[in-house]
Amino acid sequence: MSNAYDLVVIGAGSGGVRAARMAAGFGARVAVIEEYRVGGTCVIRGCVPKKLFVYASRFSDLFEIAPTFGWTVDASFDWPTLVANKDKEIARLESAYVAALEKPGVEIIRDRGVIRGPNTVHLVSEGRDLEARHILIATGGKPYVPAIPGHELGITSNEAFHLKTLPHSILIEGGGYVALEFATIFSGLGVKTTVLYRGDRILRGFDEDIRVALEAGMQLRGIDFIYDCTIQKLEKAGEDVSVTYSSGVVAPYGAVMFATGRTPNVTGLGLETVGVSLTDRGAIAVDARSQTSCPSIYAVGDVTGRAALTPVAIREGSAFAETVFNDNPTEVDHSQIATAVFSEPEVGVIGLTEADAVAAHGDVDVYVARFRPMINTLSDRSERMVMKLVTLADGGRVIGCHILGPGAAELVQLVAVPMAMKADKADFDRAIAVHPTAAEELVTFKSPSIRYRKGEKV
Ligand code: NDP
Numbered sequence: 001m002s003n004a005y006d007l008v009v010i011g012a013g014s015g016g017v018r019a020a021r022m023a024a025g026f027g028a029r030v031a032v033i034e035e036y037r038v039g040g041t042c043v044i045r046g047c048v049p050k051k052l053f054v055y056a057s058r059f060s061d062l063f064e065i066a067p068t069f070g071w072t073v074d075a076s077f078d079w080p081t082l083v084a085n086k087d088k089e090i091a092r093l094e095s096a097y098v099a100a101l102e103k104p105g106v107e108i109i110r111d112r113g114v115i116r117g118p119n120t121v122h123l124v125s126e127g128r129d130l131e132a133r134h135i136l137i138a139t140g141g142k143p144y145v146p147a148i149p150g151h152e153l154g155i156t157s158n159e160a161f162h163l164k165t166l167p168h169s170i171l172i173e174g175g176g177y178v179a180l181e182f183a184t185i186f187s188g189l190g191v192k193t194t195v196l197y198r199g200d201r202i203l204r205g206f207d208e209d210i211r212v213a214l215e216a217g218m219q220l221r222g223i224d225f226i227y228d229c230t231i232q233k234l235e236k237a238g239e240d241v242s243v244t245y246s247s248g249v250v251a252p253y254g255a256v257m258f259a260t261g262r263t264p265n266v267t268g269l270g271l272e273t274v275g276v277s278l279t280d281r282g283a284i285a286v287d288a289r290s291q292t293s294c295p296s297i298y299a300v301g302d303v304t305g306r307a308a309l310t311p312v313a314i315r316e317g318s319a320f321a322e323t324v325f326n327d328n329p330t331e332v333d334h335s336q337i338a339t340a341v342f343s344e345p346e347v348g349v350i351g352l353t354e355a356d357a358v359a360a361h362g363d364v365d366v367y368v369a370r371f372r373p374m375i376n377t378l379s380d381r382s383e384r385m386v387m388k389l390v391t392l393a394d395g396g397r398v399i400g401c402h403i404l405g406p407g408a409a410e411l412v413q414l415v416a417v418p419m420a421m422k423a424d425k426a427d428f429d430r431a432i433a434v435h436p437t438a439a440e441e442l443v444t445f446k447s448p449s450i451r452y453r454k455g456e457k458v
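Residue 130 in the UniProt record's numbering sits at position 130 of the sequence shown; the count goes up by one each step and never skips.
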């Protein structure tokens, strides 16, 4: 078979697979090169297995309040069963991804691809070159681990999915998505969990009310937080890992996990040979249509450092295919992306935080509701759900929505629709509530809890 393709994609993750499938559907001859498993971080060691683990961890919360609804539960948990069932589901999804590529005729090449020229990709194991009219880099990212002594004794999210046994305790460094989701998982499964963060409050960049309420909710579930601190050194201590904090304190843990961010996978791709520029954060620099500084080479997804989210990578892959193979120039709007943290309590957010809205617009109204979710009302659980709308002044456009509590991720996905339509507060008000729900709060806010005019609280 000829080595000439219209498109060679490096990386079979969310962005690469979508671009390849669509380009093939538009009639292009396409090959995807993948050195690991088809599906990428999201399917193989990210969103999907993580959410399955989150579901597993949430049973403990339900078991705790079950007696208030009359149930007696004698529960026990088996980690190997969860891991095995998760692996089975991931294998099923991987097969579905392979089938979805093969159906429109995409050729899957199991190898490592290195760029040798603007239109040439070298297959490392096979030792041959592919010629490509266009090359798409969709190689994603990998966990970043600080280069401290003993760092190899720690794990990252990659290894967390395959632990042979659950540790008795875990220290998780980081205050972002991965740290808080895995803290939720481990704690919910009975592991004594501590989050250690270099800042003074988790989820930097999120709305302050959400940050405060999430920390309280996680503390309620027994998770400890250590702030203004980093890990300085790890050492083996029998079966445990001995951790030296930057404060000088030394403590043993059953396991240590680094959730200190992710870095784009650009190493060894041959980018320097074709002059593909990087951003100052080491991601591939692209324009609004995902084209790199080498015109025949494009990049989508986490490797571009725009928004490291699966649905964004999929949109970018799809826009690339429309632009290059369907004569339909398409750009992705990255300005307002709904996102969720699958912690417990769960977080769903979109748009501007209160602080950012005030800084950007000056005249802003903020509507906040804090209430006990109905599922907790029979127990003595005091935890509050938080619903917050940030609008331009006097019933103007809704520019932010921040939710914490049961179903927050599902709720914010739907709020993203009116916000994409540039809805005003009055549009929300026109909707009649569904009762009894938590979401009804979003359409029944009467007067603002806080008003800002010219950037000042009034
Ligand atoms: P994040 O950027 O969310 O968090 C990284 C955390 O590590 C931050 O708290 C950061 O601190 C801290 N940190 C960074 N460098 C160091 C260091 N050298 N020493 C100590 N602490 C450090 O990254 P994640 O890996 O959690 O997630 C990566 C991305 O993946 C997210 O941004 C998100 O886009 C995506 N993701 C999405 C999920 C979802 O949609 N539910 C789930 C998981 C990931 P600081 O805040 O001070 O910078």
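Just so it is clear, CB atoms sit at the ideal spot from N, CA and C, and this is done for glycine as well.
First and last residue of the uninterrupted alpha helix (DSSP H) at residue i
i	result
Pro45	The amino acid at residue 45 is misidentified as Pro; the sequence shows Arg. Per DSSP, Arg45 belongs to the alpha helix (DSSP H) from Gly40 to Arg45.
Leu93	Trp79 to Glu102
Ser290	That residue, Ser290, is in no alpha helix (DSSP H); it is neither H nor E in DSSP.
Asp356	Glu354 to His361
Thr444	Glu441 to Thr444
Val332	Taken as a continuous stretch (DSSP letters only), Val332 belongs to no alpha helix (DSSP H), as it is neither H nor E.
Val347	Looking at the DSSP string, Val347 is not in any alpha helix (DSSP H); the run it does join, the beta strand (DSSP E), is Val347 to Gly351.
Val17	Ser14 to Gly25
C-beta atoms of residue i and residue j nearer than 7 Å
i	j	result
Pro264	Gly305	yes
Asp207	Glu410	no
Asp429	Thr391	no
Arg397	Lys422	yes
Ile148	Lys233	yes
Glu173	Phe59	no
Gly270	Ile115	yes
Phe26	Phe325	yes
Asn119	Ser296	yes
Gly348	Ala408	yes
Ser449	Val386	no
Pro146	Thr260	yes
Own chain residues within Cβ distance below 8 Å of residue i, not counting five before or after
i	result
Arg18	Ala313, Ile314, Gly317, Ser318 and Ala321
Ala360	Leu352
Ser57	Thr184, Ile185, Phe186, Ser187, Gly188, Leu189 and Glu344
Gly175	Val195, Tyr197, Arg198, Gly199, Arg201, Ile202, Leu203 and Arg204
Tyr97	Ala12, Val17, Val38, Gly39 and Val43
Gly275	Ser293 and Cys294
Val303	Gly11, Ile137, Ala138, Thr139, Gly140, Gly141, Pro264, Asn265, Val266, Ala283 and Ile284
Ile65	Ile375, Asn376, Leu378, Ser379 and Arg381
Ala420	Gln336
Glu181	Lys50, Val54, Val341, Phe342 and Ser343
Pro418	Val398, Asp427 and Phe428
Glu215	Arg201, Ile202 and Phe225
Ile155	Leu163, Ala255, Val256, Met257 and Phe258
Neighbourhood of residue i by C-beta, 6 Å cutoff - its chain only, sequence neighbours within 5 removed
i	result
Thr194	Leu171 and Asp224
Asp363	Ala393 and Arg453
Ala426	Gly395
Val8	Ala31, Val121, Leu130, Ala132 and Ile135
Ile226	Leu196
Glu107	Ala31
Burial state of residue i (16 or more Cβ within 10 Å)
i	result
Pro49	buried
Phe69	exposed
Lys86	buried
Tyr55	exposed
Asn158	exposed
Val406	First, the residue type needs correcting, since residue 406 is Pro and not Val in the sequence shown. With 16 or more Cβ atoms within 10 Å of its Cβ, Pro406 is classed as buried.
Val73	exposed
Ile432	exposed
Ala438	buried
Glu441	buried
Endpoints, beta strand (DSSP E) assigned at residue i
i	result
Pro373	It is not in any beta strand (DSSP E) - Pro373 carries neither H nor E in the DSSP assignment.
Thr339	Thr339 to Val341
Arg37	Looking at the DSSP string, Arg37 is not in any beta strand (DSSP E), and its letter there is neither H nor E.
Tyr452	Ile450 to Arg453
Ser169	Ser169 to Glu173
Ile403	Val398 to Leu404
Val8	Ala4 to Ile10
Val386	Met385 to Leu392
Same chain, Cβ closer than 7 Å to residue i, neighbours up to 5 away in sequence not counted
i	result
Glu89	Leu52
Gly105	Ala24
Arg29	Tyr5 and Asp6
Gly254	Pro167, His168, Ser169, Ile170 and Asp240
C-beta neighbour in chain D for residue i, strict 7 Å
i	result
Asp365	In the displayed structure, chain D is absent; only one protein chain is listed.
Cβ-heavy atom distance, residue i to the ligand MN, below 6 Å
i	result
Thr230	For the ligand MN, the structure offers nothing, since it holds only the ligand NDP.
Exercise. Of all the alpha helix (DSSP H) runs that stay within the bounds of the segment 221-270, which reach a length of 4 or more residues?
Worked result: none
Exercise. Hey, which unbroken runs of the beta strand (DSSP E) at 3 residues or more fall wholly within the segment 276-328?
Worked result: 297-299
Problem set entry | Within the segment 108-156, ranges of the beta strand (DSSP E) (whole runs, at least 3 residues) | For secondary structure counted as the beta strand (DSSP E) over 3 or more consecutive residues, the segment 108-156 holds these complete runs in sequence order: 113-117, 120-123, 129-137 and 141-143.
Exercise. At which residue ranges does the segment 406-438 contain complete alpha helix (DSSP H) runs of 4 or more residues, listed in the order of the chain?
Worked result: 408-420 and 425-430
For this session: Scan the segment 188-221 and note each continuous alpha helix (DSSP H) run of 4 residues or more that stays entirely inside, going in chain order.
Result: Segments of the alpha helix (DSSP H) lying fully in the segment 188-221: 208-220.
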